[in-house]
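Numbered continuously in my numbering, the sequence shown closes out at residue 456.
Note that the Cβ used here is the ideal one computed from N, Cα and C, for glycine as well.
As the structure is a computational prediction, the values presented were derived from the model and not from experiment.
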Amino acid sequence: MLSHPDTSQDTSKARQTPLTSRKSGALHGSARVPGDKSISHRALILGALAVGETRITGLLEGEDVLNTGKAMQALGAKVARTGDFAWKVNGVGVAGFAEPKAPLDFGNAGTGSRLVMGAVAGCPITVTFDGDASLRSRPMRRIVDPLELMGAKVIASQEGGRLPLTLQGARDPLPIVYKTPVASAQIKSAVLLAGLSAPGTTTVIETEASRDHTELMLKHFGAEIVSEKEGAHGRKITLTGQPELKGADVVVPADPSSAAFPMVAALITPGSEIELTDVMTNPLRTGLFTTLREMGADIEELDIRGDAGEPMAKFRVKTSKLKGVEVPPERAPSMIDEYLVLAVAASFAEGTTIMRGLQELRVKESDRLEATAAMIRVNGVKAEIVGDDLIVHGTGKVPGGGTVSTHMDHRIAMSALVMGCASDAPVTIDDTTFIATSFPDFIPMMRRLGADFA
3 MLSHPDTSQD TSKARQTPLT SRKSGALHGS ARVPGDKSIS HRALILGALA VGETRITGLL
63 EGEDVLNTGK AMQALGAKVA RTGDFAWKVN GVGVAGFAEP KAPLDFGNAG TGSRLVMGAV
123 AGCPITVTFD GDASLRSRPM RRIVDPLELM GAKVIASQEG GRLPLTLQGA RDPLPIVYKT
183 PVASAQIKSA VLLAGLSAPG TTTVIETEAS RDHTELMLKH FGAEIVSEKE GAHGRKITLT
243 GQPELKGADV VVPADPSSAA FPMVAALITP GSEIELTDVM TNPLRTGLFT TLREMGADIE
303 ELDIRGDAGE PMAKFRVKTS KLKGVEVPPE RAPSMIDEYL VLAVAASFAE GTTIMRGLQE
363 LRVKESDRLE ATAAMIRVNG VKAEIVGDDL IVHGTGKVPG GGTVSTHMDH RIAMSALVMG
423 CASDAPVTID DTTFIATSFP DFIPMMRRLG ADFA
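Okay, structure coming up:
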């Protein structure tokens, strides 16, 4: 039985756990980073909306995903761990969620909370969504706006539509045609999950295609869904409502966003060669790999295969001499979570790297655009923000010696520790606590590869 602990965080300095990363020797070895967080959230949610049993292997057992599992249980599904990274879900069917007895606490899980809002919006129940201080600061209005068009109603929320937020699901959900204001898989997924309960067809139109994990997994669970090209870079997704989803087996590939950290560490640390196994290679998630190769990175893909519509491969990564490049704005949706560690790679590159169109970074766990610039500046690298563009002036080496404020953001913490692997002086982060939200094994795994964290 999953418990539902209080996930609120005391962020006072007395509770913080700092860590220092020092220049290491060459990194060597093979590792499998945690299961993909996006797939893990969706497997639990769709398993709960399906009829019958769903078996999930390779699930990311980080706090974010476990909070989604607790939410599914609170909504009436049966969720149980059956082994290491192996879980089963017995679902309640589309629109079958029961009203929970208490608020759903998602901790730091932005994806979990937003997708579950969509799933709840199509059920005639009232649910309060809450989370930690970081999640409470993040905007939810752009998620609930289309859900209200479908018949759901926000009963209560904090200023700007922030958590805690109480959502009353629609008794008779309406299908809609919705054009997303930004490229966001979370907005698209929330609308599609609500559309499961609506008669007829629900359509989402994107001018810039976002990651398509929800579409692929809906099809895997038996939904009738069509995705077609719309304009130069967009997609039009049409879902037929009121299907009977059936429980399915899901193998969760390794998370490319998590693989980014040891990958960049190996690229910048002299003499390194590592292998990362079972990494997802969905083309809507591989913008970082494309960019690193443009910078001169030696990254080889081996053992290419697939499961449940998601391709994966083993990556062999060797230390490389990197050069500055310009990253176009249309690539942002395929690597939005990886710009932080890309900025680290850019700091060690020769020449200027320009990353364009990063406005979405301002509404993540922190203002990641400002926090990323601060992280590299405090370690002696020149960086500037012009509008929504981040410009990093690499010189081939990083002085280091800074202490990085993580702002309760797991990706800032891991990116800074990667920087310390090859900087001239150690790099310290003020808190490791939130790394567990996505990558609980990050510190011991990096130590096994040869990183000097103390």
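Closest by C-alpha distance to residue i, when choosing among the options
{"i": "methionine 416", "options": "Gly37, Met377 and Leu61", "result": "Met377"}
{"i": "histidine 30", "options": "Ala456, Phe455 and Met447", "result": "Met447"}
{"i": "arginine 333", "options": "Leu392, Ala345 and Ser212", "result": "Ser212"}
{"i": "tryptophan 89", "options": "Thr113, Ser23 and Gly60", "result": "Gly60"}
{"i": "isoleucine 145", "options": "Thr130, Val118, Ala310 and Ala385", "result": "Val118"}
{"i": "valine 253", "options": "Arg34, Pro20, Glu328 and Ala45", "result": "Ala45"}
{"i": "threonine 435", "options": "Asp391, Gly27 and Asp66", "result": "Asp66"}
{"i": "alanine 104", "options": "Ala76, Gly273 and Ala225", "result": "Ala76"}
{"i": "serine 274", "options": "Ala453, Gly49 and Ala73", "result": "Ala453"}
{"i": "glutamine 188", "options": "Leu176, Arg143, Pro175 and Glu161", "result": "Arg143"}
{"i": "threonine 205", "options": "Val365, Leu241 and Ala299", "result": "Leu241"}
Buried versus exposed, by CB contacts within 10 Å (16 or more), residue i
{"i": "lysine 181", "result": "exposed"}
{"i": "isoleucine 41", "result": "buried"}
{"i": "valine 429", "result": "buried"}
{"i": "alanine 135", "result": "exposed"}
{"i": "glycine 233", "result": "exposed"}
{"i": "isoleucine 387", "result": "exposed"}
{"i": "histidine 235", "result": "exposed"}
{"i": "valine 179", "result": "exposed"}
{"i": "leucine 62", "result": "buried"}
{"i": "leucine 304", "result": "exposed"}
{"i": "serine 186", "result": "buried"}
DSSP state of residue i mapped onto helix, strand, coil
{"i": "arginine 17", "result": "helix"}
{"i": "proline 446", "result": "helix"}
{"i": "glycine 398", "result": "coil"}
{"i": "valine 94", "result": "coil"}
{"i": "leucine 419", "result": "helix"}
{"i": "valine 81", "result": "strand"}
{"i": "valine 380", "result": "coil"}
{"i": "alanine 334", "result": "helix"}
{"i": "alanine 28", "result": "coil"}
{"i": "threonine 434", "result": "coil"}
{"i": "leucine 451", "result": "helix"}
{"i": "threonine 374", "result": "helix"}
{"i": "alanine 345", "result": "helix"}
Whole-angstrom C-beta distance between residue j and residue i, which should lie under 8 angstroms
{"i": "lysine 190", "j": "threonine 168", "result": "The Cβ separation is near 23 angstroms, so there is no contact."}
{"i": "glycine 243", "j": "alanine 172", "result": "With a Cβ gap of about 12 angstroms, glycine 243 and alanine 172 do not count as contacting."}
{"i": "alanine 347", "j": "isoleucine 270", "result": "6 angstroms"}
{"i": "glycine 64", "j": "proline 102", "result": "Not quite, the Cβ-Cβ distance comes to about 22 angstroms (not below 8 angstroms), so this is no contact."}
is_contact[residue i, chain C] using C-beta, thresh 8 angstroms
{"i": "alanine 76", "result": "In summary, chain C is missing from the structure at hand, where a single protein chain is found."}
*List in chain order: all unbroken alpha helix (DSSP H) runs of 4+ residues lying wholly within the region 171-200.*
187-197
*Runs of beta strand (DSSP E) lying entirely within the region 217-264, each at least 3 residues, in chain order*: 227-232, 236-242 and 251-253
*Scan the region 250-330 and note each continuous beta strand (DSSP E) run of 3 residues or more that stays entirely inside, going in chain order.*
For the region 250-330, whole beta strand (DSSP E) runs of length 3 or above, ordered along the chain, are 251-253, 275-282, 300-309 and 312-320.
*Could you name each continuous alpha helix (DSSP H) segment of 4 residues or more that falls completely within the region 96-180, going from the start of the chain to the end?*
Counting whole runs of 4 or more residues, the region 96-180 contains the alpha helix (DSSP H) stretches 112-123, 135-138 and 143-151.
*Contained beta strand (DSSP E) runs [length at least 3] in the region 32-77, N- to C-terminal order*: DSSP runs (the beta strand (DSSP E)) wholly in the region 32-77: 55-59.
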